[in-house]
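Visitor:
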Amino acid sequence: MASSETQIQMLNRHIRTGARHISRQREIIDRLTELGAPPELAVELLDLFEVMQELHIAHRERLLN
Numbered sequence: 026m027a028s029s030e031t032q033i034q035m036l037n038r039h040i041r042t043g044a045r046h047i048s049r050q051r052e053i054i055d056r057l058t059e060l061g062a063p064p065e066l067a068v069e070l071l072d073l074f075e076v077m078q079e080l081h082i083a084h085r086e087r088l089l090n
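The end of the sequence shown is residue 90 by our numbering, with every number in the run present.
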């Protein structure tokens with residue numbers, strides 16, 4: 026966290042970054058599926074990204090309320 030960055034700004038940055046990771050991971054899963062490669066590990070990673078995203082959003086909501 027940059028010294029001038031507030032906690033809300035940091036969470037917003039993490040949420041934006043998380044959204045990009047989730048989007049990219051979905052693309053990877055689609056590509057693996059197209060190639061006939063096993064997507065299981067990629068799906069597990071997507072699940073983790075989505076859980077982390079939910080946690081960041083919930084944390085931000087707690088701080089805003």
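Note that the Cβ used here is the ideal one computed from N, Cα and C, for glycine as well. Predicted model, so just to flag it, every value in this text is computed and none were measured.
1. From L36 to L70, what does the alpha carbon distance come to, in whole angstroms?
2. Given that a residue counts as buried once 16 or more other Cβ atoms are within 10 Å of its Cβ, and exposed if not, what is A67?
3. Looking at R85 and I33, is the spacing between their C-beta atoms short of 8 Å?
4. Assess contact between the region 36-49 and the region 58-65, defined as three or more Cβ pairs (one per stretch) separated by less than 8 Å. Is contact present?
5. What did DSSP end up calling G61 once you bin it into helix, strand or coil?
Guide: In terms of the structure at hand:
1. 21 Å
2. buried
3. yes
4. no
5. coil
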